[in-house]
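If you read the sequence shown in the working numbering, its first letter stands for residue 6, the second for the next number, and so on. C-beta: ideal position from N, C-alpha, C; glycine also. Report on the structure given below.
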Amino acid sequence: MAFEVPDLPYDYSALEPYIDEETMRIHHDKHHAAYVNMLNGAIEAAGIDGKSVKELITDLDSVPEAQRGAVRNHGGGHFNHSMFWEVMGPVNGEMSSGLNSALLEAFDSLDDFKAKFQSAGMTRFGSGWAWLCSNNGKLEICSTANQDNPLMGNKYGGTDGEIPILGIDVWEHAYYLNYQNLRADYITAFFNVVNWAEVSKRYSETL
Ligand code: MN3
Numbered sequence: 006m007a008f009e010v011p012d013l014p015y016d017y018s019a020l021e022p023y024i025d026e027e028t029m030r031i032h033h034d035k036h037h038a039a040y041v042n043m044l045n046g047a048i049e050a051a052g053i054d055g056k057s058v059k060e061l062i063t064d065l066d067s068v069p070e071a072q073r074g075a076v077r078n079h080g081g082g083h084f085n086h087s088m089f090w091e092v093m094g095p096v097n098g099e100m101s102s103g104l105n106s107a108l109l110e111a112f113d114s115l116d117d118f119k120a121k122f123q124s125a126g127m128t129r130f131g132s133g134w135a136w137l138c139s140n141n142g143k144l145e146i147c148s149t150a151n152q153d154n155p156l157m158g159n160k161y162g163g164t165d166g167e168i169p170i171l172g173i174d175v176w177e178h179a180y181y182l183n184y185q186n187l188r189a190d191y192i193t194a195f196f197n198v199v200n201w202a203e204v205s206k207r208y209s210e211t212l
């Protein structure tokens, strides 16, 4: 079964003014679609069928070497963007008390978390992602290059034991139309569109 780009769970313009409609259209309809197309080509060439994208990226060793790089890049791209659309929304939703407690345990305050998350996005040189992860319930921040995901494990640019519950795409295509070179402004704006109810749900699933 070929992979498909999931529909956005809100309108393209729903995240305005923080993330503009044109960026969302190009990002979802062009960039994400390209990852899906390339992933489908790679799994067809590899003769892989019936695996979820999460199964693929968490076990890259099982992918034939000839297609492993493509599955890492494009499977990661599909997985990361599918998550990205869901952890954002026009409504912030309510943060669970469990997530709130875990954030205050791991960081001095919510602002301290935001500053450190922003720093992770700012110090990721070139293209990649910054993540808030649950490591057996303990919250940690990390970043990955390109379309790598913490779930890929150390060997493939990820980490060991960290499950991402919130991520921000810091590739230039995610912000350049509206923010040009101002990645910091984009990350600051991002906090206005985080769907904390969804992040809370994802956190609870790691416990
Ligand atoms: Mn992107």
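Proximal residues to residue i (C-beta, below 7 Å), its chain only, five neighbours per side dropped
| i | result |
| --- | --- |
| residue 73 | 65 |
| residue 164 | 147 and 155 |
| residue 161 | 65, 77 and 153 |
| residue 27 | 182 |
| residue 92 | 171, 172, 199, 200, 203 and 204 |
| residue 36 | 178 |
Integer-rounded CB distance, given that residue j should sit under 8 Å from residue i
| i | j | result |
| --- | --- | --- |
| residue 81 | residue 62 | 6 Å |
| residue 203 | residue 98 | 7 Å |
| residue 191 | residue 180 | 4 Å |
| residue 13 | residue 90 | 6 Å |
| residue 198 | residue 23 | 5 Å |
| residue 168 | residue 138 | 6 Å |
Sub-7 Å separation of residue i and residue j beta-carbons
| i | j | result |
| --- | --- | --- |
| residue 134 | residue 155 | no |
| residue 183 | residue 34 | no |
| residue 83 | residue 196 | no |
| residue 76 | residue 47 | yes |
| residue 19 | residue 95 | yes |
| residue 212 | residue 142 | yes |
Residue i to residue j span [Cα, whole Å]
| i | j | result |
| --- | --- | --- |
| residue 58 | residue 151 | 17 Å |
| residue 103 | residue 210 | 12 Å |
| residue 101 | residue 201 | 8 Å |
| residue 131 | residue 120 | 20 Å |
| residue 30 | residue 55 | 29 Å |
| residue 17 | residue 67 | 36 Å |
| residue 129 | residue 6 | 34 Å |
| residue 107 | residue 11 | 30 Å |
| residue 126 | residue 71 | 31 Å |
| residue 44 | residue 79 | 5 Å |
| residue 157 | residue 178 | 23 Å |
| residue 86 | residue 122 | 18 Å |
| residue 114 | residue 144 | 13 Å |
| residue 193 | residue 60 | 32 Å |
| residue 110 | residue 189 | 25 Å |
| residue 15 | residue 149 | 27 Å |
| residue 185 | residue 173 | 17 Å |
| residue 32 | residue 39 | 10 Å |
Own chain, CB closer than 6 Å to residue i, minus 5 neighbours either side, in chain order
| i | result |
| --- | --- |
| residue 166 | 140 |
| residue 112 | 118 |
Cβ neighbours of residue i in the same chain (closer than 8 Å, five flanking residues each side left out)
| i | result |
| --- | --- |
| residue 205 | 98, 99, 100, 101, 103 and 104 |
**Prompt:** Which runs of the beta strand (DSSP E) fall wholly inside the region 126-200 and span at least 3 residues, in chain order?
**Reply:** The region 126-200 is shown to contain whole beta strand (DSSP E) runs of 3 or more residues at 133-140, 143-150 and 168-174, in chain order.
**Runs of alpha helix (DSSP H) wholly within the region 20-54 (minimum 4 residues, chain order)** = Taking only runs of at least 4 residues, the alpha helix (DSSP H) segments lying wholly in the region 20-54 are 26-30 and 38-51.
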